[in-house]
Amino acid sequence: MTRYLIAAAGLVIAGAQLASAGSAAKSLGKIPTVNLPRPALEDSTPKIKPLPAKEWTVMVYMNGKNNVSSAADMNLNEMEAVGTTGNVNVVAEAGFLKGKTYSVARYVVEKDADPKKIGSQAVESFNFRDMGDYKNAIDFVKWAKTNFPAKHYMLAIWNHGTGFFDHKTAPAKAKSKGISFDDETGNYITTPQLRQILSAAGGVDVLAFNACLMSSAEVYEELNGQAKAVVASEDVMSAVGFDYASTIATLDANPGISPAQAANVVGAGYLERIKMVMKHGVSGGQITIVDPSKTTGLDAAIKAWTQTVISSKGDPAVMKAIQQALLQTPRYKTLLTDKDKQNITSFMGDLGVFVMLVNEGLKKADSPAAAAITASGSKLFASLKGMILAYDSVGGDDAGIPYEYSTGISVYLPPRLDTISQETLEGQAFAQEYAASAFAKSSGWGTFVKWLYSARPKITGNDAAPAAN
0 MTRYLIAAAG
10 LVIAGAQLAS
20 AGSAAKSLGK
30 IPTVNLPRPA
40 LEDSTPKIKP
50 LPAKEWTVMV
60 YMNGKNNVSS
70 AADMNLNEME
80 AVGTTGNVNV
90 VAEAGFLKGK
100 TYSVARYVVE
110 KDADPKKIGS
120 QAVESFNFRD
130 MGDYKNAIDF
140 VKWAKTNFPA
150 KHYMLAIWNH
160 GTGFFDHKTA
170 PAKAKSKGIS
180 FDDETGNYIT
190 TPQLRQILSA
200 AGGVDVLAFN
210 ACLMSSAEVY
220 EELNGQAKAV
230 VASEDVMSAV
240 GFDYASTIAT
250 LDANPGISPA
260 QAANVVGAGY
270 LERIKMVMKH
280 GVSGGQITIV
290 DPSKTTGLDA
300 AIKAWTQTVI
310 SSKGDPAVMK
320 AIQQALLQTP
330 RYKTLLTDKD
340 KQNITSFMGD
350 LGVFVMLVNE
360 GLKKADSPAA
370 AAITASGSKL
380 FASLKGMILA
390 YDSVGGDDAG
400 IPYEYSTGIS
410 VYLPPRLDTI
420 SQETLEGQAF
430 AQEYAASAFA
440 KSSGWGTFVK
450 WLYSARPKIT
460 GNDAAPAAN
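Just so you know, we're using numbering that gives the first Met the number 0 here: the sequence shown kicks off at 0 and counts up by one.
Below is the structure:
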């Protein structure tokens, strides 16, 4: 039996196709420099319930009722480096796990010079609060908007994250990555509930996911009409989180900036923090800023492309291009791949790179099907590019693949190798059949994913093992 070489199959991206896909990724552009002044931090007196509306209210739903409680402490303390200002309200609902004791409280964040102690007084404490219950997130945002009105609202959802992947059962404690996963209750916020939160609370100008894996087409489908700009990452995020102090200070000094510019401040600040922690072993980070109102156009472009691919009816050149794209597309660390640095079993991959790799694979194909697919693929990529306001990165993933080869939005792709069926994966792990999701139905991706499972390279068992160096 021939030993299967991962590098030869393209699991480590290399060669001409990588260069071409990388060029496509870079064409999306770096996060533009806003060139806004970062002022010296000055004293300000926070007001508990300001009557006049300020320019911005920053709301942080910070679920630290799990194994990231210490990071919640750190980020809340960093917010206190600036605190509530004349132009910016800063409020947080923060949950913590200290020893075996859970606690949740609401804070009006005040300036405090002590970086090791939370100085802001809780304006409301809860004997019990399920931060995995989306209704409590709605309650927090409504409370913040009512008591701290502003012309613009930024909401950060802070915790672990799994993108579109909603677990069939609650993940194990201390090993979980559920969206706003609450260890005390075993509950978490699902992808469809993100829409319910924002819709019920009246939407926001900027939604920032301080959580892993949230930059996915499936997530953005739920945010159409609910936020003007979204900040998220396709892959895992470092526990250092966003640079909240810098973000608040910049909003205070430049209160008239647009939601897209404000999102840019959040994203650029995060990457600066990643550059610092890369000195201590973090491999890198990436950030995407998206206009979710463009999802309708993207859905239409995806549906046209997938239907064109499926209608090729097994054209050999098309099948080869699809299989190579499945092998070579950058993948991201799902809950099931914590020990899989190559992300071989990952079911989240970069949408833009996947489409462009198919196009690259069909460049020399001389058939009507190939021509139709490449034309449709180019339109899809243009639609994707129009939705992404900015994408930037530093470093790469644990496998050493540079993040610059990604384009910013992930999507459900079957695992690279034919080691698990769609029925088994979704039946054992997914809370609902993928085809029932809003994105799968709107874009036709649910039908396409089913087709992709049948198109995967038939490589299993020992053939899938990496070759020894």
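We treat Cβ as the ideally placed atom computed from N, Cα and C, and that holds for glycine.
Return the bridge partner residues of residue i from the DSSP annotation.
i: residue 330; result: 348
i: residue 391; result: 286
i: residue 125; result: 103
i: residue 95; result: 102
i: residue 147; result: Partner(s): none; residue 147 has no beta bridge.
i: residue 89; result: 57
i: residue 153; result: 57, 205
i: residue 74; result: The partner list for residue 74 (beta bridge, DSSP) is empty, contrary to what the question assumes.
i: residue 253; result: The partner list for residue 253 (beta bridge, DSSP) is empty, contrary to what the question assumes.
i: residue 411; result: 347
i: residue 315; result: In DSSP, residue 315 forms no bridge with anything.
Buried or exposed for residue i, please, with buried defined as at least 16 other CB atoms from any protein chain shown within 10 angstroms of its CB.
i: residue 151; result: buried
i: residue 306; result: exposed
i: residue 114; result: exposed
i: residue 110; result: buried
i: residue 58; result: buried
i: residue 287; result: buried
i: residue 450; result: exposed
i: residue 431; result: exposed
i: residue 100; result: exposed
i: residue 448; result: buried
i: residue 51; result: exposed
i: residue 413; result: buried
i: residue 112; result: exposed
i: residue 126; result: exposed
i: residue 17; result: Reliability of the predicted coordinates at residue 17 is poor, the pLDDT of 46 falling under 50, and no value is obtained from them.
i: residue 145; result: exposed
i: residue 365; result: exposed
i: residue 392; result: buried
i: residue 345; result: buried
Using a Cβ-Cβ distance cut-off of 8 Å, determine whether residue i contacts chain C.
i: residue 199; result: Absent from the structure is chain C; it holds one protein chain and no more.
For residue i, which residues in the same chain have their Cβ closer than 6 Å to its Cβ, ignoring the five residues on either side in sequence?
i: residue 509; result: In the structure as shown, the chain begins at 0 and stops at 468. Residue 509 is therefore absent and cannot be evaluated.
i: residue 245; result: 268
i: residue 204; result: 151, 152, 227, 258
i: residue 236; result: 211
i: residue 456; result: 322
i: residue 46; result: Any reading at residue 46 needs caution, since the residue's pLDDT is 44, under 50, leaving its predicted position unreliable; the model's value is listed next. So the list is empty, once near-sequence residues are dropped.
i: residue 105; result: 92, 122, 123
i: residue 265; result: 207, 230, 241, 246
i: residue 304; result: 375, 376, 379
i: residue 261; result: 205
Would you grab the beta carbon distance between residue i and residue j for me? Rounded to a whole angstrom, and I think it's under 8 Å.
i: residue 408; j: residue 214; result: 6 Å
i: residue 415; j: residue 326; result: 5 Å
i: residue 297; j: residue 328; result: Incorrect: roughly 17 Å between the Cβ atoms, too far for contact.
i: residue 103; j: residue 119; result: Residue 103 to residue 119, Cβ: 15 Å. No contact.
i: residue 190; j: residue 217; result: 6 Å
i: residue 209; j: residue 156; result: 7 Å
i: residue 149; j: residue 55; result: 5 Å
i: residue 196; j: residue 140; result: 7 Å
i: residue 394; j: residue 277; result: 6 Å
i: residue 117; j: residue 154; result: Their Cβ separation, rounded to whole angstroms, is 21 Å, which puts residue 117 and residue 154 out of contact at 8 Å.
i: residue 398; j: residue 340; result: 5 Å
i: residue 411; j: residue 433; result: 6 Å
i: residue 78; j: residue 243; result: 5 Å
i: residue 137; j: residue 199; result: 5 Å
i: residue 312; j: residue 443; result: Actually they are not in contact, since the Cβ atoms of residue 312 and residue 443 sit about 17 Å apart, beyond 8 Å.
i: residue 89; j: residue 82; result: 6 Å
Please work out which residues of its chain come closer than 8 Å, Cβ to Cβ, to residue i, disregarding the five sequence neighbours upstream and downstream, and give them in chain order.
i: residue 454; result: 318, 321, 322, 325
i: residue 362; result: 373
Just to check, is the beta-carbon of residue i closer than 7 Å to a non-hydrogen atom of the ligand ADP?
i: residue 246; result: In the structure shown, the ligand ADP is absent, as is every other ligand, since no ligand is present at all.
What residues in its chain sit with their C-beta under 7 Å from that of residue i, if we drop five residues either side in the sequence?
i: residue 300; result: 378, 379, 382
i: residue 342; result: 330, 331, 332, 336, 398
i: residue 435; result: none
i: residue 147; result: 49, 56, 88, 90
Check: Is it a yes or a no for the stretch 292 to 308 touching the stretch 216 to 223, going by three-plus beta-carbon pairs under 8 Å?
Finding: Flag = yes, the stretch 292 to 308 and the stretch 216 to 223 touch.
Check: Would you say the stretch 380 to 389 touches the stretch 360 to 372, given that touching needs at least three Cβ pairs under 8 Å?
Finding: Result no; under three Cβ-Cβ pairs closer than 8 Å.
Check: With contact counted as at least three CB pairs below 8 Å, one residue from each stretch, are the stretch 399 to 406 and the stretch 337 to 351 in contact?
Finding: They touch, by the three-pair rule.
Check: Do three or more CB pairs link the stretch 130 to 138 to the stretch 55 to 66 at distances below 8 Å?
Finding: The answer is yes - the stretch 55 to 66 touches the stretch 130 to 138, with three or more Cβ pairs under 8 Å.
Next item on the list: Would you check if the stretch 424 to 435 and the stretch 281 to 291 touch, i.e. whether three or more CB-CB distances between them fall below 8 Å?
Entry: In short, these stretches do not touch, since the Cβ pair count stays below three.
Next item on the list: Taking 8 Å as the threshold, find out whether the stretch 195 to 204 comes into contact with the stretch 234 to 253 through three or more Cβ pairs.
Entry: Not touching, per the Cβ criterion.
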